[in-house]
Amino acid sequence: MSGIRKTQIATTIAGIALIVFMLWYFSNIVAYFLIALVLSMIGRPLVKLLGKVRLGRFRIPHVLSCLIALLFIIFIFALFISIFIPLVTKQAALISRIDLDGLSQNLRETLIWAENAMHNTGLLKRDMTLVAFINENLENLINLDRVSKFLNNILAFAGSLFVGIFSIIFITFFLLKEEHIVSGIILLIVPEKYHYETKNVFNESKHLLTRYFIGISIEVLTMITLISTGLTIFGIENALLIGFQGGLMNVIPYLGPVIGASIGVVLGITTVISTGMFDQILPVMLIIIATFVGSNLIDNMVLQPYIYSSSVKAHPLEIFIVLLMGGGLAGFVGMILAIPTYTIIRVIAGQFLSQFRLVQKLTERMRMR
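What the sequence shown shows, in my numbering, is residues 7 to 375, in sequence order.
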């Protein structure tokens, strides 16, 4: 191997290492950009639709179309927050009204059984009651130092949140306004002889991911509606809050519904306990579980086959294996990012490695329009 070749390889490796380091060091900026990129994909169809609108000789300017699309996205998020915060406040008020004495009387037998079990297993000292154990741990958990640190963290988070929201809005607007800005940056890095394939990769990825993210948004809204409506029909209080979090948790494939149902059961039980109707705990729990099961059956049979298979042109088994791999690598975040990442990898492989039979098999659905 010649010295020039070695120098080129070393330079390439150093360049890749520098890029990886920069992405890690400025990970918060990368996160802002990726979120803005997803929002721009969701808003892009609206920009194109507004661009086709004509009132006589008047046509909506592209900048105004982008601004309207961005304001529509902000409005949707603001609407969700305006609905969600009062529901959380109401739930907190209900929890604060829980009659602890009444609860302890109703759970007396259960507490005695748990106390004896903990004594027998050595989890609790013989001379200590379960109530005393709980109080002692609560006192250790809630102290002035921790409260002070918690408040400081909240203030720091609020500052970071404001900067993050402003950054995402700013970046999203320019991604909507200048559709080819990302592809232009990528083409500056890629050698000129690969420009044609790179453009194909970018266009195909954008097409598939736009369909996927719009599908996910529709799925979340549908699940919120199904769960909230079902619980309202059965007279469950705070049905909208339970449905809201249940729909959002559906973003996490497979495990999301389980997490959403678990949180929903906790919210439902605390609401029942706050009213003192302890005999309704089991019925409410069963109604919430049944509603989540029914809603997710509809989701699995109708929505997910379209979103996870049709929108990204992949086989359901393929998707399942990819989700397991994503979860194994990075937990819930890995499962959320698994499908978009796999979609991009498939598109890249289809353009640059199409001579391999495995790649041809994995990408054959993408070639079918």
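For every residue, glycine included, the Cβ atom is placed at its ideal position computed from N, Cα and C.
Please read these numbers as outputs of a predicted model, since none were measured by experiment.
Would you decide whether K212 is buried or exposed? Buried here means 16 or more other CB atoms lie within 10 Å of its CB.
By the Cβ-count criterion, K212 is buried, with 16 or more other Cβ atoms from all chains shown falling within 10 Å of its own Cβ.
If you draw a straight line from the C-alpha of L237 to the C-alpha of G128, how long is it?
Going from the Cα of L237 to the Cα of G128 covers about 42 Å.
Neighbour flag for F176 against chain C, beta carbons, 8 Å
As a matter of chain content, chain C is missing from the structure shown, which is built from one protein chain.
If you draw a straight line from the alpha carbon of L55 to that of R217, how long is it in whole angstroms?
Taking the straight line joining both Cα atoms gives about 15 Å.
I195 to I295 span [Cα, whole Å]
I195 and I295: Cα-Cα distance of roughly 51 Å.
Over what stretch of residues does the alpha helix (DSSP H) that includes P259 continue unbroken?
No alpha helix (DSSP H) holds P259; DSSP gives it neither H nor E.
Return yes when the Cβ of G57 is within less than 8 Å of the Cβ of A75, no when it is not.
Between A75 and G57, the C-beta spacing is not below 8 Å.
Pairs of beta-carbons, one from the segment 328-343 and one from the segment 178-198, closer than 8 Å: are there three or more?
Segments in contact, no.
First and last residue of the alpha helix (DSSP H) that includes G62?
G62: not part of any alpha helix (DSSP H); DSSP gives it neither H nor E.
Could you tell me which whole alpha helix (DSSP H) segments of length 4 or greater appear in the segment 186-211?
List check, alpha helix (DSSP H) in window: 187-195.
Alpha helix (DSSP H) containing L309: first to last residue?
No alpha helix (DSSP H) holds L309; DSSP gives it neither H nor E.
For Y260, tell me which candidate among T349, I279 and N306 has the shortest Cα-Cα distance.
Of the candidates T349, I279 and N306, the one whose C-alpha sits nearest the C-alpha of Y260 is N306.
Cutoff 7 Å; reference G21; Cβ partners in own chain excluding five residues on either side:
In the same chain as G21, and ignoring 5 residues on each side of it, no C-beta atom comes closer than 7 Å to its own.
Cβ of A42 within 8 Å of Cβ of I174?
In contact: A42 and I174 (Cβ atoms closer than 8 Å).
Pull up the distance between the alpha-carbon of N302 and that of T231, whole angstroms please.
A direct Cα-to-Cα measurement between N302 and T231 gives close to 12 Å.
Out of F180, E203 and L247, point me to the one whose CA is closest to I91's CA.
Ranking the options by Cα distance to I91, first place goes to L247.
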